[in-house]
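Peer 1:
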Amino acid sequence: MKNFLVTGGAGFIGSHVVEYLLKEGNRVVVLDNFHDFYDYQVKLRNIGDAVGFHLIPKSDSKDSDILSFAKEIKTESFELIYGDIRDQELLEILFKKENFDMVIHLAALAGVRPSIDNPLEYESVNVKGTMVLWEICKKYKVNKFICASSSSVYGNNKKTPFKETDIVDFAISPYAATKKSTEVLGHVYHKLYDIDMLQLRFFTVYGPRQRPDLAIHKFTHLIDNGKEIPFYGDGDTARDYTYIEDIIDGISKSIIYLIDHDNVYEVINLGESEVVSLIEMIATIEYFLDKKAEINRLPMQPGDVLITNADITKAKEMLAYNPKTTFKQGIEKFIDWYKEHTQI
Ligand SMILES: NC(=O)c1ccc[n+]([C@@H]2O[C@H](COP(=O)([O-])OP(=O)(O)OC[C@H]3O[C@@H](n4cnc5c(N)ncnc54)[C@H](O)[C@@H]3O)[C@@H](O)[C@H]2O)c1
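Numbering (the numbering used here), first residue to last: 1 to 344.
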């Protein structure tokens, strides 16, 4: 049994990581501030579903709901801490008490377009917050660290598929720039303080509990409710969508790799390596919802990249990463989940 800190563990990817780690018999501490980027009740449900606890409080107070939930859900192997990764005093108390074997750092302000409206907050959470974590890891000698990066660092890279060795100096959103910055800073902490680190570049992740702001979830909700979907550009934009179970396969193998190896710093793509256009994405949702989409054509949005496409050779060779879910299979599973849950 190992002791993990999962930052952002109440979010989409984080809650699946928590579920996986608990199933494997580990102890898990989640640190999450339930940022208002989306409804805190959705995040309580994520964590509840991950640990098999289904009593979600609902009062007028976010703080009291989260605190009472955290109290109820606490066990020997699981604890939810309601707090900010930038809170140095809180981290000091936490790291003094816990003897963490590894940090899986998923807390961030995600989302490309909102980062254009709010670049300073993105920088503060994603860059400063990550450095605060490394400072405390350095002090308490926690030297195994997995960090969430993003395919957005590739910007409008002309060459596809995107490989880890491609130059990524041309970010086109503040969000992408924060992720590139933490890759660079991570190397500094690895070199100076021996923190073994994997920087995982996730390619548009989807599946049960997907963030409500992300296109697949948002479009499913709009189509299901007979509302128009915003259709940016001519429909040729394309994404390498990665099903959540495949991302968890990549993260679980990253954990094993970090435990088995020392002196590690690597950047690794985790994608599906199947590229799906916007038009195909909408058609697949329509098919499994058995409803037609109403389309509102709009110009391309600033910050949005044209295509993402992962070269996953490195992940396959280094980690034995083995993504299996086709887009059709993944959307079918997502829509099954969507139908069973209260939406957004
Ligand atoms: N979902 C994707 O397709 C995708 C793609 C590439 C990279 N990523 C990265 O993966 C990670 C997880 O993404 P997600 O989709 O699960 O997002 P999410 O928003 O569902 O999860 C992030 C969690 O971090 C928490 N958080 C935000 N600021 C915090 C702070 N200051 N202190 C503590 N907690 C804080 C939020 O409350 C949230 O629960 C992020 O780092 C994101 O940038 C996601």
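Every residue, glycine too, gets a C-beta built ideally from N, C-alpha and C. Since we're looking at a predicted model, the values are computed, not measured.
Can you tell me which of Y232, E266, F288 and F327 puts its alpha carbon nearest to the alpha carbon of P302?
Peer 2: Taking only the C-alpha atoms, the option nearest P302 is Y232.
Peer 1: Can you list, in chain order, the residues of its chain with a C-beta nearer than 7 Å to that of Y122? Leave out the 5 residues immediately preceding and following it.
Peer 2: Same-chain partners within the cutoff: L109, S115, P174, Y175 and T178.
Peer 1: Is F37 near ligand 2, with its Cβ less than 7 Å from a heavy atom?
Peer 2: Only ligand 1 can be found as ligands here, which leaves ligand 2 out of the picture.
Peer 1: Between the C-alpha atoms of T182 and T130, what's the straight-line distance to the nearest angstrom?
Peer 2: Distance between the alpha carbons of T182 and T130: 7 Å.
Peer 1: If contacts are defined as beta-carbon pairs under 8 Å, then F37 and G155 qualify, I think. What distance do you get, rounded to the angstrom?
Peer 2: Not really, about 23 Å apart at Cβ, beyond 8 Å.
Peer 1: DSSP three-state label for F4, please.
Peer 2: In the structure shown, F4 sits in a strand (DSSP, three-state: E or B).
Peer 1: Quick check: the stretch 157 to 165 against the stretch 26 to 37, are there 3 or more CB pairs under 8 Å?
Peer 2: No: the two stretches stay apart, fewer than three of their Cβ pairs being nearer than 8 Å.
Peer 1: Using a threshold of 8 Å, state whether the C-beta atoms of V132 and R86 are closer than that.
Peer 2: Yes, Cβ-Cβ distance for V132 and R86 is below 8 Å.
Peer 1: When you compare the CB positions of E272 and P212, do they come within less than 8 Å of one another, or not?
Peer 2: No, the pair does not count as a contact, with Cβ atoms beyond the cut-off.
Peer 1: So F4 and I104 are supposed to be a Cβ contact under 8 Å. How far apart are they, rounded?
Peer 2: Yes, F4 and I104 are in contact; Cβ-Cβ is about 6 Å, under 8 Å.
Peer 1: Is the beta carbon of V205 within less than 7 Å of some heavy atom of ligand 1?
Peer 2: Yes; taking the cut-off as 7 Å, the Cβ of V205 has a heavy atom of ligand 1 nearer than that.
Peer 1: Flag S59 as yes when its Cβ comes closer than 7 Å to any non-hydrogen atom of ligand 1, and as no otherwise.
Peer 2: No, since every heavy atom of ligand 1 falls outside the 7 Å radius drawn around the Cβ of S59.
Peer 1: Since Q329 is in the beta strand (DSSP E), which residue starts that stretch and which ends it?
Peer 2: Counting along the chain, Q329 falls outside any beta strand (DSSP E), though it belongs to the alpha helix (DSSP H) covering F327 to E340.
Peer 1: Name the DSSP beta bridge partners of E294, please?
Peer 2: The partner list for E294 (beta bridge, DSSP) reads E228.
Peer 1: Can you check which of these residues, V276, I248 and K333, is closest to A315 by C-alpha distance?
Peer 2: Checking every option, the nearest Cα to that of A315 belongs to I248.
Peer 1: To test your reading of the DSSP string, which unbroken alpha helix (DSSP H) runs of 4 or more residues are found completely within the stretch 105 to 174?
Peer 2: DSSP runs (the alpha helix (DSSP H)) wholly in the stretch 105 to 174: 112 to 117, 119 to 122 and 129 to 140.
Peer 1: Let's test the definition: count the other Cβ atoms within 10 Å of the Cβ of R239 and tell me whether it reaches 16, buried, or not, exposed.
Peer 2: So R239 ends up on the buried side.
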